[in-house]
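Only one structure is covered here, and it is reproduced in the block below.
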Amino acid sequence: MTYTTAALLGVAVAVVIDLFVLRTRLVTRLVFWATYPIIFTFQLISNGILTGREIVVYDPAAIIGWRLVHAPVEDLFFGFALILLTLSVWITLGRRGVQRTPAAGEGSALLRRLRS
């Protein structure tokens with residue numbers, strides 16, 4: 074399987090999970106598409122650094138060859154799938170009531186000692 078095939082398969086699976094399995098429908102929401110350029114920008118920066126400095130090198134036979142800021146476009150597909158799937162799971166957990174209120178640090182032993 075080429076990197077291109079894997080990337081496109083990743084996007085397809087993430088969209089199916091978003092629309093039909095978890096039913097969060099993020100890809101149909103304007104807020105998702107309005108904020109995605111922020112993620113996209115930082116993805117371009119990090120991918121550009123990693124591939125431009127040859128920290129990460131791709132086999133030319135496994136990619137289609139189109140690059141954006143040194144990185145293959147397939148990286149953008151994987152990034153999209155990762156963000157979509159992560160946000161879909163986060164929304165699903167929130168709907169189920171998993172930690173609706175911030176609780177960071179409330180149960181730590183150090184914090185209990187400081188309070189007493």
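Residue numbers (this note's numbering): 74 to 189. We treat Cβ as the ideally placed atom computed from N, Cα and C, and that holds for glycine.
Just the Cα atoms here: how many angstroms apart are A43 and R186? No answer is possible for residue 43: it lies beyond the span of the chain, which begins at 74 and ends at 189.
Reducing DSSP to helix, strand and coil, say where L191 ends up. As shown, the chain starts at 74 and ends at 189. That puts residue 191 outside it, with no answer to give.
Going straight from the alpha carbon of L117 to that of S161, what length do you get? The sequence position of residue 117 within the sequence shown is 44, counting from 1. The sequence position of residue 161 within the sequence shown is 88, counting from 1. Their Cα atoms are separated by approximately 22 Å.
When burial is assigned at 16 or more other CB atoms within 10 Å of the CB, is T78 buried or exposed? The residue labelled residue 78 in the question sits at position 5 within the sequence shown. Answer is exposed; the Cβ neighbour count stays below 16.
Measuring alpha carbon to alpha carbon, tell me which residue in I112, I164, S189 is nearest V94. Walking along the sequence shown from the start, residue 94 turns up at place 21. For the residues I112, I164, S189, the minimum Cα distance to V94 belongs to I164.
So, are the CB atoms of F153 and Y109 less than 9 Å apart? Walking along the sequence shown from the start, residue 153 turns up at place 80. Walking along the sequence shown from the start, residue 109 turns up at place 36. Contact: yes.
Going by beta carbon distance, what residues of the same chain come within less than 6 Å of F105, once the five residues before and after it are set aside? For the purposes of this step, residue 105 is identified with residue 32 of the sequence shown, where counting begins at 1. So the list reads L99, once near-sequence residues are dropped.
Where P28 falls, given that 16 or more other Cβ within 10 Å makes a residue buried: Because the chain is modelled from 74 through 189, residue 28 falls outside the range shown and cannot be assessed.
Where are the alpha helix (DSSP H) runs, 4 residues long or more, that stay fully inside the region 84-126, in chain order? 103-125
Closest to R169 by C-alpha separation, out of V84, G121, Y76, T97, would be which residue? Within the sequence shown, numbered from 1, the residue matching residue 169 stands at position 96. That would be T97, whose Cα lies nearest to the Cα of R169.
Check whether A144 and L123 have beta carbons under 9 Å apart: Sequence index remark: in the sequence shown, residue 144 carries index 71 (1-based). Sequence index remark: in the sequence shown, residue 123 carries index 50 (1-based). Closer than 9 Å, so yes.
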